[in-house]
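See structure below.
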Ligand SMILES: [Zn+2]
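Numbering (the UniProt record's numbering), first residue to last: 1 to 259.
Encoded structure:
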């Protein structure tokens, strides 16, 4: 089984004690590529460094909405400069993690929107796909994507929206990132939606260290859990795990332009 973890944070200190062993384990399990997400200015260097030093790791750079208070206007300028410096770099694969979070009410929505739109413009200018964080903000996100129509499109990470919202994203050419959330039996509506998604719209992810799947409750989530997540979601959809692995890996390769 060959898998791509399209979204994780194994640059976080949670993995400092065992990162090399974990990467070795992932290679043995067939998790052949992993995308590490930049979330604020200070972690871009680390994400890039890890991607450059490990064959399986790739980097995305962005300013995450939940760190709104930490971002400064010059960080958007820095993002442009970094991407300019990295044009053609084989390990830079997207702009992310960017998006809209209406779940945390203290996050100013107008400021989030402005930050998000500028990063969408940057992704369009550098011809990169976008990796999106969307919580309770699908209507605003879909409306924004319809205005910008980013040509390289991207992934709605940890998708937990409705069937109608899924349809809108798919119509815009976006893939839906699925991980631990739909493995939980109580996630009824999401499980129904996931069961009906077209196979060519699905990519897999862990969001490690967050979003532990039902099979590993309360633990640090890990990219080494991706095969078990693939198996659980394949069962939910009534296909073999090989079929889901193959389709999701093909979809991920298409998003990132990996040939
Ligand atoms: Zn994330």
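All C-beta atoms, glycine included, are put in the ideal place defined by N, C-alpha and C.
When the options are compared against residue i, the one with the closest alpha-carbon
i	options	result
residue 14	230, 220, 238	220
residue 98	45, 46, 165, 158	158
residue 104	67, 88, 124, 125	67
residue 151	90, 106, 237, 128	128
residue 124	94, 166, 156	94
Residue i vs residue j beta-carbon contact at 8 angstroms
i	j	result
residue 172	residue 201	no
residue 29	residue 227	yes
residue 153	residue 174	yes
residue 35	residue 60	yes
residue 135	residue 101	yes
residue 197	residue 229	no
residue 160	residue 9	no
residue 131	residue 182	no
residue 2	residue 249	yes
residue 11	residue 43	yes
Outcome for residue i when other beta-carbon atoms lying within 10 angstroms are tallied against a minimum of 16
i	result
residue 169	buried
residue 33	buried
residue 18	exposed
residue 258	exposed
residue 41	buried
residue 70	exposed
residue 27	exposed
(Q) Any contact between the region 81-99 and the region 61-71? By contact I mean 3 or more CB pairs, one from each, below 8 angstroms. (A) yes
Q) Is the number of C-beta pairs between the region 137-156 and the region 112-127 that are closer than 8 angstroms three or more? A) The region 137-156, when compared against the region 112-127, does touch it at the 8 angstroms Cβ threshold.
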